[in-house]
Structure formats: C-alpha cells, structure tokens
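One structure below.
2 protein chains.
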Amino acid sequence: MPSPSLRLISLCLVACTVLACTSRTTTTTTTTSDSTQVAVDPLPSWNDGSVKQDIVSFVQRVTHAGGSDFVPSAERIAVFDNDGTLWAEQPIYFQFQFALDRVREMAPERPEWKTKEPFNHLLAGDMKSFLAGGEQSLLAVIAASHSGITTDEFETVVKDWLNTSQHPKTGLRYDQMAYQPMLELLAYLRANEFKTFIVSGGGVEFMRAFAERTYGIPPEQVIGSQGKLKYEIRNGVPVLVKLPDVQFIDDREGKPAGIQTFIGRRPIAAFGNSDGDQQMLEWTAAGPGARLAVIIHHDDADREWAYDRGSPVGALDAAWGEALEKHWTLVSMKNDWNRVFSH
Amino acid sequence: MPSPSLRLISLCLVACTVLACTSRTTTTTTTTSDSTQVAVDPLPSWNDGSVKQDIVSFVQRVTHAGGSDFVPSAERIAVFDNDGTLWAEQPIYFQFQFALDRVREMAPERPEWKTKEPFNHLLAGDMKSFLAGGEQSLLAVIAASHSGITTDEFETVVKDWLNTSQHPKTGLRYDQMAYQPMLELLAYLRANEFKTFIVSGGGVEFMRAFAERTYGIPPEQVIGSQGKLKYEIRNGVPVLVKLPDVQFIDDREGKPAGIQTFIGRRPIAAFGNSDGDQQMLEWTAAGPGARLAVIIHHDDADREWAYDRGSPVGALDAAWGEALEKHWTLVSMKNDWNRVFSH
C-alpha cells in the first residue's frame, strides 16, 4: 500500500498531467424537465428506466415499515463521492485548479517565487518545465496553496475563489457544475430520512466551503482528505493553522477506513464514478440486507465529458469490472439523465 | 508539542500509575429527585442555583427566534468530553481497565505471554514489575488489546465486556456510571435542536460501542483518539482491521483539531472536567455570540470521587485557572447535582 503522501502526489499527478493536454469536448447544459412533472416526481431529471427504478425501489424497500428490508432511519447512511459524482472533474480536479489559481494570486506577496522552482515555471506559464519537477513540484503547490493559513481564513479564500472563478470550458461557476440529478437524489434520500455524507479524496476544508450551500450537506457530514492542524494562540485569540503535513488520504482503501473513522456505521447506499470509489462501493455492498451501489458513467461527450478506462482524471476501470460482476447499478449520464448541471 | 504516541503513552501512564494505589473513597448512588418535578423540569437532577440558571438561560437565549443571541439549529453544536464528564473515570480510565481485562482474557490463546514481558508481570498480578517497564509496557497492552482484530469484532468484544464487567468500587456496570444530570442535559439540548457530540481522548471505536445506547449519541457524533485501519478482503469478504499504529490523539490541543476535522464548525457549548479539555473549552468560548463553557468539578468524595489539581487521572489544574479567569461555568458535583449515576 503506498504511503498517504504518495497517494496525494498520485492524485495530483493525474490531475496535473492533463494541464498540458488539449481539452476534448465542449459542454452545454440542457433544458429543465417538464415542470408539471416536478410536483409528483422527486427525481425529474432522471429518465424513466431500470436505473431510476433501482433507486426508487431500494428507497421504498428500506423505508417500508414492517417489510423484510426495512432499515431504521438512524442506519440509513448514504455516501457520495464528490469529484465526478456530485460535480464535474474535468479537465482537472477543481480543487487543483484552485491550488494553481491561488499560487498565482499569492505571487505578488511572494517575490522570491519569481526565481524559485517550481513556482517560477508555473507563474511563467511554462507547464512543461513545471511538470518536469514531478512530485516535488506538485507537493510544493499543494503546500503553498493549502497551508500556512488558519482554517477560518482558508474557508474565506475558497469561497472567494468560487465566487469569482469560471470553468474554462463551460464558463460556469464551479459550483454551478454540480449535477442536477444528484441534487434531486440527495434531497429525495433526505426526505426519506437518510443521512447523506460526502466521502471524497478531495480536501475536507475545501469541500466544506461549499457543500452546505451547494448540496445541502452540513460540514459534519463531509469526509475528505485532511492535512494536519495546529492549535495556537495568536494575540490571545485561539486559531487552527493548516499545516503542510498529510493527516489522512480519503481515497481507495482509505474510503472505507474514513467511513468507519468518521461515521462508525456501514452505509447502505454508495455512489461513485471512478476506481477511487471501488472499495467504498464494495464495503457498502458487502453489508447485510438491502444495499445500493451506484456508479455514474461519464459517457456524454456532448453535454459533459466521455471518459472511463485510461482517463488521466477519474479513471473507471477496475471498479467498472467489479460493478459488472456484482451487478451494481450503472448510471449512463447520456441515457439516464435528461439534465446534467444544476445551473 | 509531544508526539501523538507520547501523548497516548502519557494518557495511559497516569491511568496506570494509580493501579498500585489504594482507592480513596467508596461511592453510593443517591435517590432520584421528586417525581412531580420531572414533568416540568428538563433537568430534575440539577439543583436550582446559578449553574443550572447559566445553562437554561444560555439555551433560552440561543433558541429565542429574533433575539440578539439566536443561533440557527444547524449551528447549535455542543461537545462533551467523555471520561469524567459523561461517565466516571476513577480509579483508572474505564478503557484502560478494559485493556487490562482483555489481555487477561486473551492469555490462554497466547501461551507465550507467560514468559514474555510485560504480559508475564500483568498476568502474575505483579503491577510493580509491570509498571517498571514504563511506556513500552503500556503500549504493548494497548496494542495487544486494541488491534489485530476487525472493527466489527472489536465492537462485539467491547459490548461483551460492558455486559459482564463490574466497577471494583460501586459494583455497577461501567455504563451505569454515566452521570444522570448529564444524560438529562444531553436530552435537554437535543430537545432544543442542538446536535450533541462526544469529543474525547478515549478510543473512538471503544466509545461507539455504548454511546448510542447510553447517551443517545449516534456513532457519527463520537470523536475520539483513533488507530489506523487497514482495508482488506478476507475470503472474499471486505473487513477493516485495527492496526496498532496511532492515527490521531484527540486530547488537549488535539481536541480543537478533532472538532474542526470531524465537525468543521465551532461548537457554541462545551463540557469538560480536566486539563485535557482546556483547549476545547477555550476554542468554543472564543467564538462570537453566546457561548457556554462548563467544567464539571469532582468534589463529591461521598457519592463519587473528589479530585482536581495533582490527580493522576483527570487532573484539573490549568483549565481550572482559565475557567476562573474567564468566568466559565463551574459545576460542583456535590452542590449542583442531587443525583450522580444513571443507575
């Protein structure tokens, strides 16, 4: 098993290698569904079919008091990956775009970066030289953009970035690229007394800056990768400072571990889109009673992106194999969703 | 700042040094309060006085819609230390008693322990020789009793121990030594749409085995010290195995860090009893708006134990000083509680 820092580097690396690639497709949002349907259908952006039926049937079974599959509401835990499951992740993870933007924004206060690798290459727009620095370059950017700042300050920085940044292809705010069908699904599950959690490889502090507003998920239900925090008193005021050291990487085998550490109860429903979610889906599906394991397949090059095996970001390979073998629910964004983005 | 493993050792050390000490007092439970009062008073085990008034007044202010101190229910986070705050902690932390009992229970399957230090001393009842081994002895006992087992198995082991063990002084089950006034307080806060969390130096998996049943606190609202977990497939079945390595120590400066990592929102109310809670109380009290920081003072040698500064378990020294300086609420178990244990 690779070390946590190697995992972090690996996550960044796949994100970063595509920086130099040309983008593949443009995206458009689609029109909303028939408004007369909204009142009666909790999932109006989901087309009728076996996938929607799988989801609705599962919810009906576990909430049917007296039924053989009934699950008490305290145990109705549903977990969602974030990147590629609740919002888009192309052409690079949005959090990595934030890291790059933040380094550029901080540059005026850090004049030494003009001549210091790898920042000099990044600031000069020379991505080839930047990437040639490998792991060290990526770690330096993550550390510079995510640490040496209090948790309160970091929350403000992320919110400001979201309020002022646009996705390079869609022109949308990043949080407008949440998936409308998934927002409906979150609301539908909560209406049925599920507790919805994010379980993502992304940084926990980064996600919490928008998760409540965007997804209706409160900070205490957001689980992610974490840096270490240092408690200190500054001028008589206690603060928590973000350190560059990794505390926990919530990806792959780390996801079931994160679920156990943070939730302490096995979910009955899990939603992901990539190999990073395989163990979370596996752990969820292996529990007793009714279970729902769902993979979102990015197969819509017109409205979003089309990628799976071999993609440098969000590769779906081993998890796809296990999904087919174990009959997990596979969502085709192209066929099962009549609308993609929440915008 | 000491390393996490040093902290763990330190926690164990103070617990263990008192093993060889004689106990100081015996305890008795008191009779319940006037039953006619229960219907109207949500805190019948709390005597009328300034402390009870502090608590009720705070709750009324933060829940009064339109008032200047109003706090939306999503932000009504209350955090509670466990040992010495929600249940007793003398003469040694109950979790350490569990560790000792478990080593003794495992001994028949581990014949090599008969001649292997420090287990040989422990099994022979020679605590003096056991303690002479210092940190290494304590770590060995914690590792042997808390790892090399799946999370599901560990939960069963802890529940079995609770169901079959008695406190050496009171003869009560350990979970009957939860404090009745604190159970009422938890229920009162939840009735006022607070979310109640445990934030304890104790092991998270250990506490979750009884927190829901005893305190009404679900596993996802229990924050504690954590060992690392390893995800693996055994005979086709995924399991999470508890490793002997420390992931995070949720004590002292670790408590605000744990709160931020797990909850992501600063509490508005915090309850503790020892120096291990000082930073949690400080962090809570330093936020804007109405705040409640409460220290339970163990001053009742007749019904429980009397200890503070200099106690080998649950020392209250620096936190007491800060409480007096900052006018935190100090609960006298002797004067403010008309009943102690939930039994």
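The listed protein sequences correspond, in order, to chains A and B.
The first sequence begins at 39 in our numbering and counts up one residue at a time.
The second sequence begins at 39 in our numbering and counts up one residue at a time.
Cβ atoms here follow ideal geometry from the backbone N, Cα and C, with glycine treated the same way.
If you're wondering where the values come from, they're calculated on a predicted model, not measured in any experiment.
A Cβ-Cβ distance of about 5 Å is found for the pair A:Leu227 and A:Ala116, placing them in contact under the 8 Å criterion. Here DSSP, grouped into helix, strand and coil, assigns B:Phe286 to strand. Sixteen is the threshold: when 16 or more other Cβ atoms of the shown chains lie within 10 Å of the Cβ of A:Arg114, as they do, the residue is buried. Linking B:Ala137 to A:Asn201 through their CA atoms gives a straight-line distance of about 51 Å.
Remark: C-beta atoms of B:Asp288 and B:Gly325 do not approach each other more closely than 7 Å.
Interface with chain A (7 Å Cβ-Cβ cutoff): B:Trp321 is included. Contact between the region 351 to 360 of chain A and the region 304 to 316 of chain A is present, with at least three C-beta pairs closer than 8 Å.
Only residues of its own chain outside the window of five on either side were considered, and among them Lys90, Ile93, Val94, Pro219, Glu222, Leu223, Tyr226 have a CB closer than 8 Å to the CB of A:Leu81, listed in chain order. By the Cβ-count criterion, A:Asn273 is exposed, with fewer than 16 other Cβ atoms from all chains shown falling within 10 Å of its own Cβ.
Here the alpha carbon of B:Gly105 sits roughly 15 Å from the alpha carbon of B:Arg329. With respect to the C-alpha of B:Gln128, the residue from B:Arg304, B:Tyr212, B:Phe168, B:Ala307 having the closest C-alpha is B:Tyr212. For A:Ala324, at least one C-beta of chain B is nearer than 7 Å to its own C-beta.
Counting only runs of at least 3 residues, the region 67 to 149 of chain A fully encloses the following beta strand (DSSP E) elements, listed from N- to C-terminal order: 115 to 118.
Cβ-Cβ distances below 8 Å link B:Trp366 to Leu319, Ala323, Ala331, Val332, Ile333, Glu360 in the same chain, with the five nearest sequence neighbours on each side left out; the list follows chain order. Along the region 291 to 323 of chain B, the positions whose C-beta sits under 7 Å from a C-beta of chain A are Glu291, Pro294, Ala295, Gln298, Thr299, Phe300, Ile301, Gly302, Arg303, Gln317, Glu320, Trp321, read in chain order. In the three-state DSSP reduction, A:Ser203 falls in the coil class, being neither helix nor strand.
Closer than 7 Å to the CB of A:Tyr253 there is not a single CB belonging to chain B.
Under the Cβ distance rule, B:Pro282 does not count among the residues neighbouring chain A, no pair being separated by less than 7 Å.
For A:Val260, the chain B residues whose C-beta falls within less than 9 Å of its own C-beta are Gly302, listed in chain order. With 16 or more neighbouring CB atoms inside 10 Å of its own CB, A:Gln298 falls in the buried class.
DSSP places A:Glu222 inside the alpha helix (DSSP H), whose first and last residues are 218 to 229. Collapsing the DSSP output to three states places A:Ala324 in coil.
Within the same chain, Cβ atoms closer than 6 Å to the Cβ of A:Leu210 are found at His381, the five residues on either side in sequence being excluded. Shortest Cα-Cα distance from A:Leu160 to any of A:Lys154, A:Thr153, A:Phe168 involves A:Phe168. In the DSSP assignment, B:Tyr212 falls outside any alpha helix (DSSP H) and carries neither an H nor an E. Residues Ser71, Gln218, Pro219, Glu222, Trp375, Asn376, Arg377 of the same chain have their beta carbon placed closer than 7 Å to that of A:Ser83, with the five preceding and five following residues left out of the count. Taking the CA atoms as reference points, B:Gly352 sits about 32 Å from B:Ala112. The C-beta of A:Tyr212 comes no closer than 7 Å to any C-beta of chain B. Interface criterion not met: the Cβ of A:Gln133 is under 7 Å from no Cβ in chain B.
The beta carbon of B:Asp346 sits closer than 8 Å to those of His335, His336, Asp337, Ala353, Leu354, Asp355, Trp358, all from its chain and outside the five residues before and after it, given in chain order.
Within the DSSP secondary-structure output, A:Ala357 pairs in no beta bridge.
Nearest Cα to A:Val100 within the set A:Glu231, A:Gln317, A:Phe244: A:Glu231. Nearest C-alpha to B:Val196 among B:Val141, B:Pro156, B:Leu267: B:Val141. Judged by DSSP secondary structure, A:Lys372 falls within the alpha helix (DSSP H) whose first and last residues are 371 to 374. Sequence-distant partners of B:Phe108 (beyond 5 residues in either direction) whose C-beta falls short of 7 Å from its own C-beta, in its chain, are Val100, His102. Excluding the 5 residues flanking it on each side, B:Asn158 has same chain C-beta neighbours closer than 7 Å at Trp151, Lys152, in chain order.
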